[in-house]
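Here's the structure, in structure tokens; my notes come after.
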Amino acid sequence: MQWELEEMDGVGVLRLTGYLGERVVHRFHGAFDWARARCTGPLVIDLSGLLGWSQEGEAAIVDAAGRLGTDRSPLMLCGLRDRAAPLFATGAALGLMRVCSDLQTALAALGVTADSRPRP
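Its first residue numbered 0, the sequence shown is counted upward by one per residue in numbering that gives the first Met the number 0.
Below, the structure written as structure tokens:
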């Protein structure tokens with residue numbers, strides 16, 4: 000699993016690529032803690048670059064949402080596509096995270112418009 004952090008108009012976007020399996024959960028936790036320390040606003044985890052995840056990887060994302068803090072929650076997730084994520088729909092997770100179809104929708108939900116995002 001690889002990760003990249005970008006800040007867009009006060010919103011941290013943590014992009015994950017590869018596979019979030021049991022062996023790399025520690026790497027995800029490190030990436031999430033890095034993002035949380037450097038971005039003071041809301042956080043979005045973009046999963047569109049992931050090939051998949053294990054049950055431990057999915058649990059790590061739910062755990063991260065719980066560690067975000069009430070002043071910065073809920074954690075926004077995007078890019079699930081049609082992949083199953085049963086832990087994201089549990090009662091505990093529902094109050095901690097919101098799932099959006101894509102990054103543009105997640106950013107719009109947080110009030111970031113196309114005009115305020117950096118141009119490539």
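Glycine included, each C-beta is placed from N, C-alpha and C at the ideal position. Just so you know, these numbers come straight off a predicted model, no measurement behind them.
- Assignment of Gly65 by DSSP, reduced to helix, strand and coil, places it in the helix class.
- The residue among Thr104, Leu86, Asp8 with its C-alpha nearest the C-alpha of Ser53 is Leu86.
- Between Val43 and Glu3, the alpha-carbon positions lie close to 12 Å from each other.
- Around the beta-carbon of Asp81, fewer than 16 other beta-carbon atoms lie within 10 Å, marking it exposed.
- Under the DSSP assignment, Gly29 falls in the alpha helix (DSSP H) whose first and last residues are 24-37.
- With contacts defined by Cβ atoms closer than 8 Å, Arg22 and Pro41 do not form a contacting pair.
- Within its own chain, the residues whose Cβ lies closer than 7 Å to the Cβ of Ala58, once the five positions on either side in sequence are excluded, are Leu86, listed in chain order.
- The alpha carbon of Leu79 has as its nearest neighbour, out of Gly68, Thr104, Ala63, the alpha carbon of Thr104.
- A distance of 8 Å or more separates the beta carbons of Arg14 and Gly56.
- Taking Ala64 as the centre and dropping the five residues before and after it, the same chain places the C-beta of Leu74, Leu95, Met96 closer than 6 Å to its C-beta, in chain order.
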